[in-house]
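4 protein chains.
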Amino acid sequence: MKALVLEKVSLLSLRQIELDERLGPRDVRIKIHTVGICGSDVEYYRHGRIGPFVVEQPMVVGHEASGTVIELGSQVKHLAVGDRVCMEPGVPDPHSMAARLGMYNLDPSVRFWATPPIHGCLRETVVHPEEFTFKLPNNVSFAEGAMIEPLAIGMHAATKAALAPGDLAVVLGAGTIGAVTTLAALAGGCSRVIVTDVKQSKLDLLAKLGPITPVNVGKERVADVVADMTGGWGADVVFECSGSPAAIAAVFEPLRPGGRVVLVGMPGGPSPLDIVAAQVKEACISTIFRYAHVFDRALALIGSGKIDVKPLITDKFAFEDSIRAFEWALDMPDSSVKAEIEMPV
Amino acid sequence: MKALVLEKVSLLSLRQIELDERLGPRDVRIKIHTVGICGSDVEYYRHGRIGPFVVEQPMVVGHEASGTVIELGSQVKHLAVGDRVCMEPGVPDPHSMAARLGMYNLDPSVRFWATPPIHGCLRETVVHPEEFTFKLPNNVSFAEGAMIEPLAIGMHAATKAALAPGDLAVVLGAGTIGAVTTLAALAGGCSRVIVTDVKQSKLDLLAKLGPITPVNVGKERVADVVADMTGGWGADVVFECSGSPAAIAAVFEPLRPGGRVVLVGMPGGPSPLDIVAAQVKEACISTIFRYAHVFDRALALIGSGKIDVKPLITDKFAFEDSIRAFEWALDMPDSSVKAEIEMPV
Amino acid sequence: MKALVLEKVSLLSLRQIELDERLGPRDVRIKIHTVGICGSDVEYYRHGRIGPFVVEQPMVVGHEASGTVIELGSQVKHLAVGDRVCMEPGVPDPHSMAARLGMYNLDPSVRFWATPPIHGCLRETVVHPEEFTFKLPNNVSFAEGAMIEPLAIGMHAATKAALAPGDLAVVLGAGTIGAVTTLAALAGGCSRVIVTDVKQSKLDLLAKLGPITPVNVGKERVADVVADMTGGWGADVVFECSGSPAAIAAVFEPLRPGGRVVLVGMPGGPSPLDIVAAQVKEACISTIFRYAHVFDRALALIGSGKIDVKPLITDKFAFEDSIRAFEWALDMPDSSVKAEIEMPV
Amino acid sequence: MKALVLEKVSLLSLRQIELDERLGPRDVRIKIHTVGICGSDVEYYRHGRIGPFVVEQPMVVGHEASGTVIELGSQVKHLAVGDRVCMEPGVPDPHSMAARLGMYNLDPSVRFWATPPIHGCLRETVVHPEEFTFKLPNNVSFAEGAMIEPLAIGMHAATKAALAPGDLAVVLGAGTIGAVTTLAALAGGCSRVIVTDVKQSKLDLLAKLGPITPVNVGKERVADVVADMTGGWGADVVFECSGSPAAIAAVFEPLRPGGRVVLVGMPGGPSPLDIVAAQVKEACISTIFRYAHVFDRALALIGSGKIDVKPLITDKFAFEDSIRAFEWALDMPDSSVKAEIEMPV
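Chains as they are written, first to last, in the working numbering: chain A, 17 to 361; chain B, 17 to 361; chain C, 17 to 361; chain D, 17 to 361.
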């Protein structure tokens, strides 16, 4: 089949590739419709590696996808041919200790699309377990379906935050992850989210999407804004989505006593944390790795109108133009959030 | 001052009353603007008692109120004369064990408006601690402010439910408490709420207020509806808001394995519960008593547009007509949810 | 192989039986050493059924077992031939929704030893998944190993109770389940457990096993004892282990405001619960079904000396005498807690 | 009255001091019996300050105390003259936001003994609120009573860790705080605690106090020891009690996926944390500041025999020798854990 293949660092080909795609009894075969471009795809293109994961042989890229079921394994129960679906890209070993405890995302043996050496999904069809394939509600488009994967990170962060109804949250960083975390936090119970960045265009886009207060941290301190809004008390939750050591160093400043922090962004190395500042507030700090058990929940929230990801889909490319799309993504404009590639019908 | 006084069972007077209203250092004096009529007010009018609480001497009724601050105690810090406010009607002993643990609503010595022998707030002015007086956001009306008290019950129920983003909830009973619980559950993270009742008009009103699925349990079983929607899995949370023994007996039927139940409605006596049905699902059952720590959160959610209580305010009366209002409330039409009384300017 | 077979209600045979015991790649074969007699085994013997589970064909009984590994499947990683082990008797479908969420005990398709039509383990050997087979620490005997299954219920109850260090707990019912719940609650953080029963001999046995206060509820009210001990405040946790409707009806009486109840005992039918009594204390009620993820923890606590189950093993029988053991168990004396059957060497 | 007064940095006097000690209605007057010497007392003596707290006028030292009630305020309910008691040294404003939420330890206006400018308790008598004065069980000595304050830190850490029965914990640092955290973690549900230090004498003392595995991190890596004990899985909880940046940098190494970390030790400045290492395990990190709601629980656990602090009381001094005691404490031998000063009878 035809696929976008990362041959090696900085070299993509749109070409035929032979893949072993036998259908197991619990699997479905899916014709791919839309694939989003993730920062990690671009990172493998640019550097050939992310941390310990190194591209050592040609690999199909892409892991944010929607499509249509075209074939069913013999034991498939809940899906039918023709179902419009999106797919969770990581498949764990159900017998691993982590999976048995309900934390399958922490299973080190998980096979995750477009994480070397596992092929991704920017290709004509994929075979995938029914368990990790989710039917799109009728009112959810393929374009939205391909957004579930990035949204899942925000959903998982909002879930770990143990939000109480009416919480005030701060989201540090207005990139894609900051944006989906903001939407998930609002849908998950926050009355308002204060989002920070130094890029005004990103803040301007987000500020239109709900009760969201943008703070340009190049111009003002977020801790001051929060103190003003709360009579000096602080925010209930801070989501760190920038990965920036400077943001992490100050992460407890806008927090209220007894507040919670979720570290979503992944910094490049060990990051100085002001532990005593955390202690005097008894901050509780959660960390997340990808997501678990949230694809159906993300779909339910989009289906019921409580989350709208359409404004985040800012750019579209045809499959034929996917190499150009990746080149464009190497230097994505600030006004773009998510680019998607559509397969030919 | 003038007040609506329940002289004894079935006898209300709108008359002058002498009240000791000295202003303590942490108190504010408030000119009352709007007071909602609660089922408990009507119950005292009708029967002169609720459980162990008996009206034995004339008592001012009303505990759902908004108004304007007109005088400040010497140590008041966060409020100013002219502030538009609503008030939490129960004032606990801060030195009680329950209050120290953060559960002030469970302090047996709490003084609660219009719970004998404590006077309520359907009168010209009240003196109230600053701690339990909350400034209304600019975009929140007095009418909405007087709705915070009933909404607080739904907020507390939604908080105790420990909702995760995207939960599917069932609310049993579409009366006032069912309605505010539905709104709080949606604001608190649910993707959809299934509401049940036998009164179609109540369901019709609620069905317009968001992603809400009405189920007339005179015509179909809610467990069947939920099973259809979830492929047989069940709802994440069931809020029991009817107090009906029949609803309580079947409360675990629509629930998923590992789901949560919140018992909000107060049945008249011991109620048969199917404990084995709970056990095979390991249901976790929370119960609530009034509310704690949610007035500011309810105001934040109304202020940011995530909850709209205005459609629930179906009837208005002038203070001069308050006796007539209570007579009307003795036999309130199904199409009414909340009636409010406005004080003269 | 030879096994104790329940042919039909009231008829046991100790006889040869043909069983399909092929070893899968993740399985181990175990030579059984000791099997405890559980009330449910006796119940199937006496009545031929428990709730929806009916003995319709000959079934090997027994599900509380320890033994020695004698053969390994090709993919077994953590066990070796000769390992002394105990076994968790329920094996779920790892692809079920409940199992994926980490609640494998709630999977309706779980296959559980000696629950019709699944054969139990009172026989020479069993084949069992490595995942559900646990190595005994060197200082834990086979007799103790066969106690892990009943102890697991107490462990699961204590886990669900979310005990805080120093909690005061009440355990209603001093039978086997009450006993193991008491030991688990003490190991899990309680400073003291108050145990109730009407049978003084059961209370006398338990009172020797730690900071345990026995209360004979035929002579005094447990709520009074707790009120005396806590200055009227109440116990942090109540474990209902009797299944008695009278105990369930009064379960909130000894509880403190904000306390937790765990319903462990299974009553015969719907049980009246005083919901308003729960609400004024905002009681949180957990329910449990068997157990999950606790066998290794139970073994760790026995291995480190924090739990001692040896005093609960009151009676021993040889495999040859197992029919007599079951007859004896039909009318077990109050002074007995757990009887075990030892296989021939 | 006579008191040990820190006149200024490095200058202590044992002298008469005039203190305003009027008895409020909710207060009791206590004759002091025993006072423990805390590292913070010694720190004020040595440096005249801890962080933002500076000794600017003569201050009585000491905050770990037990004694006997000698006078009651008019509204005291639960204490009597002659009661043997210990005291929680911090008194918050019950009207502060933090106190109302049940987190009184986070109230910035808390008045804490021997934290400038508040006088401590190393003197003949103190006046203290009944709320923060706890009756000693009959079998708990004054010496043990004065240990409740340091033990409370371990209790609070163990409570925040949300221990499940059978957890395996690691405690980094075997000083006083590490020791009390170890005892609290064992009483709170751990099956075993692995304690680390570089000082062998401290490890030797602790290793005798229960199922405790000492690890001298000068000789072996704790992550290796834990991996060996758990088949590579990791510990459920890590308590960081050293405050050492090196320990904090490696705090996630011995942790299992989904594990919890409690940061108890206070490092001198911002500390590098390996956030990605936390994320791949979804570590949840709690922090604590002093303690709340644990004095009664610590007493209950000592009273029931589940915690024994007596082996930690290694040194005793008479009040007359208290200046010498502080000089000794400036260079305390490794074999000492806690020194206490006894007042004259």
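By construction, the Cβ of each residue, glycine as well, lies at the ideal position given by its N, Cα and C atoms.
Assign residue i to buried or exposed, taking buried as 16 or more other Cβ atoms, counted over all protein chains shown, within 10 Å of its Cβ.
i: A96 of chain D; result: exposed
i: P108 of chain B; result: buried
i: A195 of chain A; result: buried
i: Q295 of chain B; result: buried
i: G98 of chain C; result: exposed
i: E104 of chain C; result: buried
i: D57 of chain C; result: buried
i: R313 of chain A; result: buried
i: E160 of chain B; result: buried
i: N12 of chain C; result: This structure cannot speak to residue 12 of chain C, because chain C is shown only from 17 to 361.
i: V209 of chain B; result: buried
Identify the continuous alpha helix (DSSP H) that holds residue i and give its terminal residues.
i: I193 of chain B; result: 192 to 203
i: S217 of chain A; result: 216 to 223
i: S56 of chain A; result: 55 to 63
i: R340 of chain B; result: 338 to 345
i: F311 of chain D; result: 311 to 319
i: E165 of chain D; result: 164 to 176
Relative to the alpha-carbon of residue i, which residue among the options has its alpha-carbon at the smallest distance?
i: R100 of chain C; options: C:A200, C:A345, C:E146, C:E343; result: C:E146
i: P270 of chain B; options: B:S260, B:F255, B:M282, B:G52; result: B:F255
i: S173 of chain D; options: D:D240, D:D43, D:L152, D:G205; result: Ser is not the amino acid found at residue 173 of chain D; the sequence shown has Ala there. Nearest option by C-alpha distance: D:G205.
i: T303 of chain C; options: B:G248, B:K297, B:P261, B:R306; result: B:K297
i: V51 of chain A; options: A:V92, A:G83, A:E23, A:C257; result: A:G83
i: C300 of chain A; options: D:A178, D:R116, D:T229; result: D:A178
i: R276 of chain D; options: D:E23, D:L225, D:D183; result: D:D183
i: I228 of chain C; options: C:A185, C:M75, C:Q91, C:E34; result: C:A185
i: A201 of chain B; options: B:D123, B:G55, B:A168; result: B:A168
Taking residue i as the query, report the chain D residues whose CB atoms sit under 8 Å from its CB, ordered along the chain.
i: H117 of chain B; result: The sequence given here places Leu at residue 117 of chain B; His does not occur at that position. Under the 8 Å cutoff, chain D gives G118, H309.
i: G274 of chain A; result: A114, L117, M119, L122
i: L317 of chain C; result: P181, G182, S207
i: R127 of chain B; result: Chain D residues near R127 of chain B: none, gap ~16 Å exceeds 8 Å.
i: L279 of chain A; result: I291, A294, Q295
i: K322 of chain C; result: L202, S207, P227
i: R313 of chain C; result: A180, P181, G182, D183, S207
Got a sec: does the ligand MN put a non-hydrogen atom nearer than 6 Å to the Cβ of residue i?
i: K322 of chain A; result: Ligands are entirely absent from the displayed structure, and the ligand MN is therefore not among its contents.
Taking the continuous beta strand (DSSP E) assigned at residue i, which residues delimit it?
i: I228 of chain D; result: 228 to 232
i: H144 of chain D; result: 141 to 145
i: M103 of chain D; result: 100 to 103
i: E83 of chain A; result: Note that residue 83 of chain A is Gly in the sequence shown, not Glu. Looking at the DSSP string, the run of the beta strand (DSSP E) that includes G83 of chain A is 80 to 88.
i: R274 of chain D; result: Reading the sequence as shown, one finds Gly at residue 274 of chain D and not Arg. Unbroken beta strand (DSSP E) run through G274 of chain D: 271 to 279.
i: A251 of chain B; result: 251 to 256
Run through chain C and tell me which residues come within less than 8 Å of residue i, C-beta to C-beta.
i: E147 of chain A; result: H111, R116
i: E298 of chain B; result: M119, N121, L122, K176, S302, T303, I304, F305
Please list the partners that residue i has in chain D, where partner means a Cβ-to-Cβ separation under 9 Å.
i: R42 of chain B; result: H111
i: P283 of chain A; result: I291, V292
Using a cut-off of 7 Å between C-beta atoms, extract the partners of residue i located in chain C.
i: P132 of chain B; result: Those within 7 Å of P132 of chain B in chain C number zero; the least Cβ separation is about 17 Å.
i: W249 of chain B; result: M113
What residues of chain B sit near residue i, judged by a beta carbon separation below 9 Å?
i: P286 of chain C; result: A265, P288, L289, D290, I291, V292, A293
Next on the checklist: So, does the segment 60 to 75 of chain A touch the segment 348 to 360 of chain A, judging by three or more C-beta pairs under 8 Å?
Outcome noted: no
Checklist entry - Taking three-plus beta-carbon pairs below 8 Å as touching, is the segment 19 to 28 of chain C in contact with the segment 338 to 352 of chain C? => result yes
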